[in-house]
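First comes the structure, then the notes that go with it.
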Ligand SMILES: Nc1ncnc2c1ncn2[C@@H]1O[C@H](COP(=O)(O)OP(=O)(O)OP(=O)(O)O)[C@@H](O)[C@H]1O
Ligand SMILES: [Mg+2]
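Protein chains in written order, with the numbering used here: chain A, 1 to 232; chain B, 1001 to 1225; chain C, 2001 to 2245.
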């Protein structure tokens, strides 16, 4: 039986590999865009205009409290009647980016609160302009504190990318389901998908450990689960 | 269709959303607590390794994949699971694996001297866990639990893929009937957000009730006055 | 026969002997003090008595029975032996009253009200009743140690083992604890106390045993140990103590 499954798997190999590639591409893109938008949000989250700070706080909280899939459906099913038709991939990239950026900004904010404020005061007193203080002192430290949370977010992005098939994006998971629909071996197909995701996560975890070893200050970090109370 | 009617239909879905969320959170708590308890009461290498493996595997599989494996895959192996049961076995168990990690960290923050004091009083391993480690662990875990329960709420829409008429399902139905998807999904998003804020308020009330003055994890403990 | 009789007690950690033939007696109503340098095995000695640590060889008799014997119930043994820790080890999620009452409720099976009454009685005895609703984080070191003592006394133990009860306290508080121990001694409480605080030791006992290199080197009146310096390691130990205090 398993032999049969793997024979079909090999038959559909090219499609499945393409799906896997698309899943990884989506993950990579939204990890980057989410990271950079997160930085921007984090920067303006602490700017001098109270109204901007308030709006961004609301943005972070809203996107942490609302399911990503609702946002994806809003764009995918809601926008066409307004004359805006986006491809599944575009919808996924935009939706994920806003979602991931909110999380990353929240992690960075938590790290920011853990910073030594005396150091920032000293930098300001030394005549650095606000953006210089941010770029030279705040950001490097905040990033180091947040490494585990940020790498963890990338792993999450990979797993969450499987959601994109619900808006007809032909990712790895949807290709595996097509395979299952032809031979009716659902259990095997889903088990296979689970194992592949697990292996990919293991690879990402190993890479994350390497990064942590290089850039982290031992013992000082923001745990991903610390979100619940502080940042939002 | 009037907007108020749409809201009413979304709200009817919200009931199922809350139901799914509560059921999966309860599953997660049960799994997390069992794992934490086993880790402390039966600390044999084989048990520890099995628990670590469990936590690693279930944190590495996407919720949707496990949900489909349970709901659409298991019948092929002769096991039929109800939609809610499938949600609990996928979303609930995965969140349980995350909670197990949260609890593990919290257990490490319990002062070893207090555990030894309880043992030297004559408590059994189980009594030490129940009366000393568990109450402290729960308090240390509040941020992690809030985070995890929020995740459960946010993954609860997957319930629609196995036929649970929860809020996202209602939004899908409404938007295909009215072509007013933007407003409908926005309304749904806001409703989800309100449930989330309600959860936070609830936790804050509970936390206030159970708060112990001056208690933080051992390594964060402030100096005695 | 003494309440506790320790004979040729040995304890090895990773093949290395920490205790290497210790002999100690603790008579009923006695306050026995064991002194020794840091790392000489004082904590290990106490932990062997209530089997938080398993002895490697030798014998420990408690109330005439061997504590490592085959039909000894370790948990009931521990209920008869109070233990006071260097760092107090109060349960920080419980109030002062609940700290004192926990063992009564969960181990002695008392009802909540009865346990609270009993606990309050012990707290009263140690002048801590007024603090019964406070949590450990809001107590001073001396107050914590008194609560720990009340918690031990509430279980009505045959003996209390004290592991450096003053090393986390400032001198004033240490003196307070010494007075307290003397009072309890007067009330007939049996205690075995290990410490390396000379002032504290001399405040609660006339005789001390000196533990070093795994054995009790000598047991005598403090004034004798202090003046005669029979042994170079003793001389060193007590001279250093004198300078630091
Ligand atoms: N569980 C253990 N495993 C291995 N070695 C141990 C263990 N417990 C204690 N030791 C070692 O045994 C020796 C005695 O330790 P113990 O804590 O009994 O000394 P102590 O006299 O109480 O010291 P201190 O004054 O610092 O409290 C030390 O060298 C310690 O490193
Ligand atoms: Mg010691």
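Glycine included, each C-beta is placed from N, C-alpha and C at the ideal position. Treat the numbers as computed from the prediction; the structure is a model and nothing was measured.
{"Check": "Between the CA atoms of residue 212 of chain A and residue 158 of chain A - distance to the nearest angstrom", "Outcome": "19 angstroms"}
{"Check": "beta-carbon residue 2011 of chain C near ligand 2 non-hydrogen atom, thresh 6 angstroms", "Outcome": "no"}
{"Check": "Cβ of residue 1208 of chain B within 7 angstroms of any chain A Cβ", "Outcome": "no"}
{"Check": "6 angstroms CB neighbourhood of residue 2221 of chain C in its chain, flanking five on each side removed", "Outcome": "2206 and 2207"}
{"Check": "Closer than 8 angstroms at the beta carbon, the chain B residues around residue 2106 of chain C", "Outcome": "1123, 1127 and 1131"}
{"Check": "Residue nearest to residue 72 of chain A in terms of C-alpha spacing, selected from A/56, A/97 and A/126", "Outcome": "A/97"}
{"Check": "Within 7 angstroms, strictly: CB atoms of residue 1152 of chain B and residue 162 of chain A", "Outcome": "no"}
{"Check": "Chain C contact for residue 1214 of chain B (CB, 7 angstroms cutoff)", "Outcome": "yes"}
{"Check": "Contact set for residue 2160 of chain C: own chain, Cβ-Cβ below 6 angstroms, skip 5 residues either direction", "Outcome": "2082, 2152 and 2191"}
{"Check": "From C/2024, C/2011 and C/2200, residue whose alpha carbon lies closest to that of residue 2217 of chain C", "Outcome": "C/2024"}
{"Check": "The segment 1131-1139 of chain B in contact with the segment 1096-1112 of chain B per 3-pair CB rule at 8 angstroms", "Outcome": "yes"}
{"Check": "Contact under 7 angstroms by Cβ, residue 2178 of chain C with residue 2033 of chain C", "Outcome": "no"}
{"Check": "Contact test: residue 2044 of chain C Cβ vs ligand 1 heavy atom, cutoff 6 angstroms", "Outcome": "yes"}
{"Check": "Contact between the segment 138-145 of chain A and the segment 105-116 of chain A (3+ Cβ pairs under 8 angstroms)", "Outcome": "yes"}
{"Check": "Between the CA atoms of residue 2137 of chain C and residue 307 of chain A - distance to the nearest angstrom", "Outcome": "Because chain A here runs from 1 to 232, residue 307 of chain A falls outside it and cannot be looked at."}
{"Check": "Residue 2038 of chain C: CB within 6 angstroms of a non-hydrogen atom of ligand 1", "Outcome": "yes"}
{"Check": "Residue 1224 of chain B in three-state terms, based on DSSP", "Outcome": "Residue confidence for residue 1224 of chain B is low, a pLDDT of 29 falling below 50, so the modelled location carries little weight; the figure read from the coordinates is stated next. Coil."}
{"Check": "Environment of residue 1184 of chain B [buried if 16+ CB atoms lie within 10 Å]", "Outcome": "buried"}
{"Check": "The segment 47-57 of chain A contacting the segment 1184-1203 of chain B, beta-carbon criterion three pairs below 8 angstroms", "Outcome": "no"}
{"Check": "Where the segment 1096-1121 of chain B meets chain C: residues whose CB sits under 8 angstroms from a CB there", "Outcome": "1111, 1113, 1114, 1116, 1117, 1118, 1119, 1120 and 1121"}
{"Check": "Proximity test, Cβ basis, 7 angstroms: residue 73 of chain A and chain B", "Outcome": "yes"}
{"Check": "Residue interval of the beta strand (DSSP E) (run including residue 2082 of chain C)", "Outcome": "2081-2084"}
{"Check": "Limits of the unbroken beta strand (DSSP E) element including residue 2062 of chain C", "Outcome": "2057-2062"}
{"Check": "Reference residue 2093 of chain C; option with closest CA among C/2117, C/2076 and C/2134", "Outcome": "C/2134"}
{"Check": "Neighbour flag for residue 206 of chain A against chain B, beta carbons, 7 angstroms", "Outcome": "no"}
{"Check": "Interface partners of residue 38 of chain A on chain B, CB under 9 angstroms", "Outcome": "What residue 38 of chain A touches in chain B: nothing, since even the nearest Cβ is about 17 angstroms away."}
{"Check": "CB contact flag (residue 2109 of chain C, residue 2155 of chain C, <7 angstroms)", "Outcome": "no"}
{"Check": "Buried or exposed (CB count within 10 angstroms, at least 16 for buried), residue 75 of chain A", "Outcome": "buried"}
{"Check": "Within 7 angstroms, strictly: CB atoms of residue 2037 of chain C and residue 2214 of chain C", "Outcome": "no"}
{"Check": "Any non-hydrogen atom of ligand 1 within 6 angstroms of residue 2018 of chain C CB", "Outcome": "yes"}
{"Check": "Near ligand 1: residue 2041 of chain C beta-carbon under 6 angstroms from a heavy atom", "Outcome": "yes"}
{"Check": "Whole runs of the alpha helix (DSSP H) within the segment 1140-1187 of chain B, excluding any shorter than 4 residues", "Outcome": "1142-1155 and 1167-1178"}
{"Check": "Secondary structure of residue 2210 of chain C, DSSP reduced to three states", "Outcome": "strand"}
{"Check": "Residue 2004 of chain C vs residue 2062 of chain C beta-carbon contact at 7 angstroms", "Outcome": "yes"}
{"Check": "Closer than 7 angstroms to chain C by CB, residue 1211 of chain B", "Outcome": "no"}
{"Check": "Residue 1159 of chain B, buried or exposed, once every other Cβ within 10 Å from all chains shown has been counted against 16", "Outcome": "buried"}
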